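Q: Before we start, here is the structure in question, set down as structure tokens.
6 protein chains.
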Amino acid sequence: MVTTHHLEDMDAHSYQDYASTGQGLVLVPTGATEQHGPHMPMGVDAMLSRAVCSAVAEDLGALVAPAFCYGYKSQPRSGGGNHRSGTTSLSAQALILQTRDVILEFFRHGIRRVAVVNGHYENYQFLYEGVDLAVREARAMGLEDSRAMLLSYWDFVDDTTLEAVYPDGFPGWEIEHGGVLETSLMLHLHPEKVDMSRAPAHPPAELTPYDVFPEDPARTPSSGCLSSPAGATAQRGELLLHAVRSGITRAVTSEFGK
Amino acid sequence: MVTTHHLEDMDAHSYQDYASTGQGLVLVPTGATEQHGPHMPMGVDAMLSRAVCSAVAEDLGALVAPAFCYGYKSQPRSGGGNHRSGTTSLSAQALILQTRDVILEFFRHGIRRVAVVNGHYENYQFLYEGVDLAVREARAMGLEDSRAMLLSYWDFVDDTTLEAVYPDGFPGWEIEHGGVLETSLMLHLHPEKVDMSRAPAHPPAELTPYDVFPEDPARTPSSGCLSSPAGATAQRGELLLHAVRSGITRAVTSEFGK
Amino acid sequence: MVTTHHLEDMDAHSYQDYASTGQGLVLVPTGATEQHGPHMPMGVDAMLSRAVCSAVAEDLGALVAPAFCYGYKSQPRSGGGNHRSGTTSLSAQALILQTRDVILEFFRHGIRRVAVVNGHYENYQFLYEGVDLAVREARAMGLEDSRAMLLSYWDFVDDTTLEAVYPDGFPGWEIEHGGVLETSLMLHLHPEKVDMSRAPAHPPAELTPYDVFPEDPARTPSSGCLSSPAGATAQRGELLLHAVRSGITRAVTSEFGK
Amino acid sequence: MVTTHHLEDMDAHSYQDYASTGQGLVLVPTGATEQHGPHMPMGVDAMLSRAVCSAVAEDLGALVAPAFCYGYKSQPRSGGGNHRSGTTSLSAQALILQTRDVILEFFRHGIRRVAVVNGHYENYQFLYEGVDLAVREARAMGLEDSRAMLLSYWDFVDDTTLEAVYPDGFPGWEIEHGGVLETSLMLHLHPEKVDMSRAPAHPPAELTPYDVFPEDPARTPSSGCLSSPAGATAQRGELLLHAVRSGITRAVTSEFGK
Amino acid sequence: MVTTHHLEDMDAHSYQDYASTGQGLVLVPTGATEQHGPHMPMGVDAMLSRAVCSAVAEDLGALVAPAFCYGYKSQPRSGGGNHRSGTTSLSAQALILQTRDVILEFFRHGIRRVAVVNGHYENYQFLYEGVDLAVREARAMGLEDSRAMLLSYWDFVDDTTLEAVYPDGFPGWEIEHGGVLETSLMLHLHPEKVDMSRAPAHPPAELTPYDVFPEDPARTPSSGCLSSPAGATAQRGELLLHAVRSGITRAVTSEFGK
Amino acid sequence: MVTTHHLEDMDAHSYQDYASTGQGLVLVPTGATEQHGPHMPMGVDAMLSRAVCSAVAEDLGALVAPAFCYGYKSQPRSGGGNHRSGTTSLSAQALILQTRDVILEFFRHGIRRVAVVNGHYENYQFLYEGVDLAVREARAMGLEDSRAMLLSYWDFVDDTTLEAVYPDGFPGWEIEHGGVLETSLMLHLHPEKVDMSRAPAHPPAELTPYDVFPEDPARTPSSGCLSSPAGATAQRGELLLHAVRSGITRAVTSEFGK
């Protein structure tokens with residue numbers, strides 16, 4: 001049997017040994033099924049959060065839960081908008097309940113430290129509610145020492161890395177959907193799933209500081225990318241992953257102890 | 001870019017071309033994160049439903065959605081019971097809403113035929129409610145020709161295959177959890193994830209015709225398997241997959257047309 | 001005042017005496033409002049589960065709660081399908097919440113042992129969720145010794161009885177809707193509510209191993225029965241009731257003590 | 001087969017003939033499982049609303065649905081309070097969803113006129129929400145002529161009847177729980193279920209114009225009755241039923257036509 | 001900084017000093033956004049419950065929470081019906097959850113006594129459910145001494161005041177919507193928001209003892225008032241406020257202590 | 001009667017005239033009840049979003065709905081965290097349902113353009129879900145031209161204004177809670193509700209790029225402010241309001257037309 005950090009590849013008896021120590025840590029990667037432009041596959045968000053979790057799990061001897069493959073509705077100001085074909089999203093209540101349920105189960109197993117690693121911007125607040133409900137319920141049920149963290153992986157890219165990845169200046173996270181960051185990470189981790197010959201070259205999306213309902217498709221580029229991924233390289237992806245990995249590892253260690 | 005039947009590996013522009021024909025078919029594999037004995041990993045149910053979907057998708061030119069990796073609570077009369085370590089389950093409402101949301105999204109894309117392929121017994125009725133809600137809502141919204149199917153893959157194992165796989169007589173689906181069927185399929189599809197040296201050899205579980213709450217752990221074998229997987233072989237897995245694949249392909253064709 | 005095992009016929013002061021002993025047992029019959037062919041009334045499922053509960057209550061000195069008269073949506077593979085006229089069903093969430101609420105109330109009264117006796121196949125998994133939620137909540141609220149059982153009455157028909165009732169061989173539970181079992185029980189218990197002159201004589205339904213949405217009415221017999229009730233007799237009904245009564249009485253005693 | 005106004009006693013084929021005319025009317029009795037003092041059974045509310053529906057159905061050629069046997073939480077200002085033993089209540093959401101689901105089903109069958117006849121004061125507002133949701137949804141689904149009524153049966157007792165039943169003056173509906181009205185109706189309809197020798201003789205409850213949480217049991221009589229049923233007679237019950245029956249029949253005819 | 005009884009005008013540090021004593025009392029005014037005839041604004045219900053709370057808070061040294069400005073659907077038998085323009089209502093579930101959440105927060109702060117003061121008839125039962133859920137949850141979480149009251153302010157108008165305000169006889173609360181009581185209170189408290197020249201003069205609405213769905217606008221006066229406010233004066237408003245204030249102050253003191 | 005842009009101060013007949021033109025625009029201010037440091041009241045967020053709406057309503061001839069006075073749970077990375085005394089928050093589901101319900105009501109009245117103006121950062125995503133559900137439902141019900149906008153007012157502060165308000169450099173929105181922006185606006189709009197003598201002078205909070213559950217109070221300043229409001233002045237508040245007002249007026253005009 002393979003030795004693995006991934007829960008789905010692990011047998012339950014080995015897991016029980018791990019969980020019952022009371023020292024275990026489970027990382028939960030969350031993504032989406034969402035269009036990511038013509039050059040990248042729709043599973044990017046889950047692939048990247050899963051890869052980040054794998055790397056951190058190696059550093060910390062942690063386990064990685066099966067990724068949340070469906071996420072909250074894509075929004076024009078951070079993704080391409082949920083009117084697009086292929087984007088396959090959950091309602092708020094579905095995502096909140098899934099998050100609450102899954103985390104409560106880990107607490108039931110004896111895991112006391114859970115970190116949710118988000119890879120889809122629009123998920124964050126609904127994950128927040130789900131984690132909050134789970135921790136409250138666990139404590140009400142007598143699992144007093146249950147704790148959790150929630151983070152989005154890109155918040156751990158430090159300034160040095162940003163400068164290296166965006167030598168002409170960082171254009172801002174809000175137009176990163178399908179852009180240099182995600183594409184570089186994919187070129188580093190899953191180059192066979194990226195087709196740079198289809199990468200769009202249009203200027204950055206000009207986003208409005210508000211949302212409209214129903215969405216007007218003319219408000220964002222028809223490519224589905226909010227900025228051009230032209231500057232993406234596997235090497236930059238490696239730099240990004242390194243920064244994110246070490247940043248998250250440090251943060252989790254700092255909060256949860258070694 | 002890889003040519004693929006898997007939605008998460010596909011770009012949205014290619015998907016849109018597929019979906020907008022109105023002839024598209026999407027298969028949704030559903031599984032669980034559930035203990036499967038000491039010899040198999042916890043992701044078995046999603047792995048198997050995903051593999052079945054891949055095979056059927058090849059036959060029918062269909063697409064496969066990202067698998068539902070978390071399922072409804074494991075029950076002693078079909079799985080090992082939800083009191084076990086590692087089993088990480090959803091509440092009914094979470095699974096129902098996820099199913100409804102995801103299927104409604106495919107209908108929104110222009111897909112008119114969705115088949116949910118279940119790999120975890122306990123999911124079925126909650127998937128049923130989710131699919132029913134989605135089809136009703138789609139039709140109320142004016143997508144009048146939206147249709148769906150729901151099935152569990154093992155219901156397509158024919159008698160000839162059963163006899164070949166269980167030469168000493170088929171002991172019944174209810175004690176198959178972690179047994180010959182699932183283990184054979186895993187040995188055929190993911191042999192590196194099975195460790196037959198850890199396969200339990202105890203007699204079949206004697207199940208009661210009722211459930212108790214809270215579960216009494218003494219009621220099912222401590223291995224987590226409801227019967228011994230000792231007779232499992234990769235060859236039998238191949239037979240099983242062949243039967244399931246052709247059965248489902250026939251059924252889908254019969255209901256949805258070629 | 002009548003001496004009764006039925007809660008709705010009992011005064012609250014007598015009930016309180018019973019409940020406050022801590023040794024009380026409440027049986028909850030669950031049924032449906034569902035077509036049962038041209039020869040039987042739509043309340044069959046609740047009538048039968050109620051009758052079974054009455055019999056078991058006599059044996060065990062237990063009480064019978066008011067029956068759940070509405071059940072989950074009828075499905076073609078076990079009932080006639082929910083597209084039929086007369087069938088009047090609940091959504092999953094309504095049935096789950098009703099089950100949770102009612103059982104929690106019995107625990108609040110001091111009852112520590114509740115058994116839900118199901119008479120409508122499609123209810124089972126939603127009752128399961130409701131019972132599970134109630135027992136978890138009761139225990140979180142400090143009612144630590146609260147316990148429950150869940151069963152469907154037909155699962156207690158033993159092989160000897162099956163052979164006596166189906167001398168030509170048992171065709172399987174899945175096509176029993178409106179067939180020999182239910183009709184025999186009704187002929188034994190409520191003969192005035194059965195009109196055998198209207199009993200359909202068609203061959204058994206050929207069920208598919210999958211469901212379709214929306215249902216296609218052509219897939220099941222227009223009578224609403226999945227098999228012919230022609231072999232039903234009151235005597236067979238008596239045999240069936242005897243088997244079910246003694247089986248459930250034994251099971252409840254075995255789990256909950258005398 | 002018995003000729004009946006009760007849906008649970010009717011076969012689905014006969015019902016379909018009735019429903020498909022588009023002229024059908026279904027009455028839905030709603031009650032509770034609630035303590036009603038030492039002299040009456042806990043099922044009073046459902047028994048009475050069911051009896052009222054039967055009478056009205058005879059007058060109007062209508063059908064009576066299975067009664068809602070569980071109701072919303074008993075409140076001290078109208079019932080005895082939900083802290084009492086035996087009272088077995090639903091949460092708001094369970095009752096709302098059940099009401100919505102059941103009424104939507106009748107609309108699906110072709111019934112266009114549904115009247116909910118309430119027998120438990122505390123149900124009313126939650127029934128209101130359920131009926132409102134059902135009618136809105138039916139109309140959104142294209143069943144444009146779907147209509148419903150909602151009423152509590154005691155609101156149809158006219159002044160002449162009140163004077164006859166309460167020769168010493170009507171003390172007010174709010175303390176009628178377990179009092180002269182309900183007891184008289186039960187003595188008329190189900191005398192074998194009433195034991196007047198156990199009827200409490202205390203003075204009327206002095207209710208506060210507010211509610212407290214959690215309930216203080218000392219605020220209402222320990223008998224569970226809010227006033228003494230001493231004046232109850234079968235004859236007064238007959239008068240009450242007559243008034244209610246004719247009042248509701250007139251109201252339904254007036255709103256829904258003959 | 002202003003000295004105030006209103007939570008929204010108070011700083012959190014001062015509030016914390018108040019809440020942490022364990023002796024604090026918070027009053028929660030609830031209203032609606034609902035038509036109140038041509039002569040009064042749509043915010044009447046929240047304005048009046050807020051004014052009542054302010055007065056009581058002065059007497060008791062209590063705090064007043066921000067008012068619930070949206071309420072449950074207006075009904076023809078107590079308000080004008082929810083079909084009217086301007087009336088902007090919540091569903092049952094939204095109001096229940098808001099009530100539960102807000103009260104639980106006060107308990108979390110250390111407040112142990114909360115009184116909800118209702119100003120919109122249709123809210124009452126949904127507030128009841130919300131308060132009940134909050135108190136149950138607080139106690140399950142270990143805040144054992146958490147208590148709450150619920151009342152509608154008009155239930156504290158005594159007979160003497162009624163006679164003074166309605167010298168020709170009190171017509172009954174059920175037709176008070178937009179009538180003498182509310183208009184008098186508004187003339188006393190917010191005369192600049194009332195235009196008596198637009199006050200309708202029609203006879204009292206003749207209400208049916210039942211509800212219909214969908215509402216028939218012809219059943220209630222087109223003015224939106226259920227009775228004429230012609231007799232309203234500021235002086236009568238002052239009398240009413242005085243009666244309500246002293247009645248509620250007495251009731252709260254009696255239940256919660258000084 | 002006062003002439004007003006505020007719905008709660010308007011009579012329903014005048015509103016109906018406005019709404020029935022089909023050209024109406026309703027602005028919905030949303031805030032929170034949340035600690036805002038020792039120098040400002042807990043109602044700041046609703047006060048400011050309401051003031052912004054009033055100003056925009058004057059420019060556009062729009063109406064302002066009653067403010068949402070309770071918001072989603074305060075988070076340490078944008079507010080002070082929900083563990084603090086005084087902060088009185090809603091769960092996700094309560095806020096989502098309230099938003100959906102209220103907006104659907106405006107659509108029912110004939111209003112076709114609704115703009116939600118947010119004043120509490122943590123509300124945004126839950127408002128988004130509520131608005132999305134309302135617009136979908138309205139369109140499913142046949143109100144095809146129903147449209148909505150959603151925005152947070154601070155997103156309309158332009159760079160010139162930022163430079164004027166923060167001459168030493170803008171420290172970033174994430175630490176603005178209780179800081180210069182909100183305090184300046186309050187000094188301009190409600191100076192009597194601010195006590196600058198209590199304004200904290202500590203350095204800006206050092207926020208982590210992640211959240212922890214349960215919150216650790218030591219992670220944010222005990223004042224409840226994330227940065228010092230020392231630089232706040234009424235004049236800066238006036239500049240800010242001017243920028244926000246003109247920005248939102250332009251945006252709404254651009255999307256919805258004049």
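Residue numbers (the UniProt record's numbering), protein chains in the order written: chain B, 1 to 258; chain L, 1 to 258; chain F, 1 to 258; chain H, 1 to 258; chain V, 1 to 258; chain Y, 1 to 258.
Quick reminder that beta carbons are idealized off the backbone N, C-alpha and C, glycines included.
Just so it is clear, the structure is predicted and the values come from calculations on it, not from any experiment.
(1) Got a sec? Which residues, its chain only, sit under 8 Å from residue 150 (chain V) by beta carbon, not counting five neighbours each side?
(2) Taking only beta-carbon positions, decide if residue 51 (chain H) is within less than 9 Å of chain V.
(3) Can a CB atom of chain Y be found closer than 9 Å to the CB of residue 134 (chain B)?
(4) Taking CB distances under 9 Å as the criterion, tell me whether residue 129 (chain Y) reaches chain B.
(5) Consult DSSP for residue 1 (chain B) and reduce its assignment to one of helix, strand or coil.
(6) State the DSSP-derived secondary structure class of residue 88 (chain L), mapped to helix, strand or coil.
(7) Can you list, in chain order, the residues of its chain with a C-beta nearer than 7 Å to that of residue 4 (chain B)? Leave out the 5 residues immediately preceding and following it.
(8) In the DSSP assignment, what are the bridge partners of residue 33 (chain L)?
(9) Using a beta-carbon distance cut-off of less than 9 Å, what residues from the stretch 67-88 of chain B approach chain Y?
(10) From what residue to what residue does the alpha helix (DSSP H) around residue 127 (chain V) run?
(11) Exposed or buried, which one is residue 235 (chain H) when buried takes at least 16 other CB atoms within 10 Å?
(12) Return yes when the Cβ of residue 34 (chain L) is within less than 9 Å of the Cβ of residue 87 (chain L), no when it is not.
(13) Evaluate residue 94 (chain V) with the Cβ neighbour count: other Cβ atoms within 10 Å of its Cβ, from every protein chain shown; 16 or more gives buried, anything less gives exposed.
(14) Between the beta-carbon of residue 38 (chain L) and the beta-carbon of residue 65 (chain L), is there less than 9 Å?
(15) Quick one: is residue 221 (chain H) buried, meaning 16 or more other Cβ sit within 10 Å of its Cβ, or exposed?
(16) Compute the beta-carbon to beta-carbon distance between residue 89 (chain B) and residue 8 (chain L), rounded to the nearest angstrom, for a pair I have assumed lies under 8 Å.
(17) Taking 9 Å as the CB-CB limit, is residue 149 (chain Y) close to chain B?
(18) When the cut-off is 9 Å and only beta carbons count, does residue 15 (chain Y) lie next to chain V?
(19) Is the stretch 150-160 of chain H touching the stretch 242-251 of chain H in the sense that three or more CB pairs, one from each, lie closer than 8 Å?
(20) How is the beta strand (DSSP E) around residue 149 (chain Y) delimited, first residue to last?
(21) Just the Cα atoms here: how many angstroms apart are residue 82 (chain H) and residue 74 (chain H)?
(22) In whole angstroms, what separates the C-alpha of residue 210 (chain L) from that of residue 241 (chain L)?
(23) Roughly how many whole angstroms lie between the Cα atoms of residue 199 (chain Y) and residue 121 (chain Y)?
(24) When burial is assigned at 16 or more other CB atoms within 10 Å of the CB, is residue 227 (chain V) buried or exposed?
(25) Are the CB atoms of residue 286 (chain V) and residue 185 (chain V) nearer to each other than 9 Å?
(26) Please list, in chain order, the chain V residues whose beta carbon lies closer than 9 Å to that of residue 170 (chain H).
(27) Go ahead and label residue 192 (chain V) buried or exposed: buried means 16 or more other beta carbons lie within 10 angstroms of its beta carbon, across all protein chains shown.
(28) Which of the three DSSP states, helix, strand or coil, is assigned to residue 109 (chain F)?
(29) Taking only the alpha-carbon atoms, compute the straight-line gap between residue 2 (chain B) and residue 140 (chain H) and give it to the nearest angstrom.
(30) Pull up the CB-CB distance for residue 158 (chain H) and residue 243 (chain H), whole angstroms please, since I reckon it's below 8 Å.
(31) Taking Cβ to Cβ, would you say residue 194 (chain L) is nearer than 9 Å to residue 230 (chain L)?
(32) Can you pull out the residues from the stretch 200-215 of chain L whose beta carbon lies closer than 9 Å to at least one beta carbon of chain F?
A: On the basis of the supplied data:
(1) Once the five neighbours on either side are set aside, the close Cβ partners of residue 150 (chain V) are 115, 116, 118, 124, 127, 128 and 131.
(2) The beta carbon of residue 51 (chain H) does not come within 9 Å of any beta carbon belonging to chain V, so the residue lies off that interface.
(3) yes
(4) yes
(5) With a pLDDT of 40 at residue 1 (chain B), under the threshold of 50, the modelled position of this residue cannot be trusted; read the value that follows with caution. The answer is coil: DSSP assigns residue 1 (chain B) none of H, G, I, E or B.
(6) strand
(7) 10
(8) L:88
(9) 72, 73, 75 and 82
(10) 124-140
(11) exposed
(12) Yes, they are a contact pair.
(13) buried
(14) no
(15) buried
(16) Their Cβ separation, rounded to whole angstroms, is 14 Å, which puts residue 89 (chain B) and residue 8 (chain L) out of contact at 8 Å.
(17) The Cβ of residue 149 (chain Y) sits closer than 9 Å to at least one Cβ of chain B.
(18) yes
(19) Yes, since at least three Cβ pairs between the stretch 242-251 of chain H and the stretch 150-160 of chain H fall closer than 8 Å, the two stretches touch.
(20) 147-152
(21) 5 Å
(22) 31 Å
(23) Separation of residue 199 (chain Y) and residue 121 (chain Y) (C-alpha to C-alpha, rounded to the nearest whole angstrom) is 22 Å.
(24) buried
(25) Because chain V here runs from 1 to 258, residue 286 (chain V) falls outside it and cannot be looked at.
(26) Here the premise fails: no neighbours, minimum Cβ distance about 15 Å.
(27) Exposed, by the Cβ-count rule.
(28) helix
(29) Reliability of the predicted coordinates at residue 2 (chain B) is poor, the pLDDT of 46 falling under 50, and the value obtained from them is presented with this limitation in mind. Computed Cα separation, rounded: 54 Å.
(30) 5 Å
(31) For residue 194 (chain L) and residue 230 (chain L), no; Cβs fall outside 9 Å.
(32) Across the stretch 200-215 of chain L, CB contacts with chain F closer than 9 Å involve 208, 209, 210, 211, 212, 213 and 214, in sequence order along the chain.
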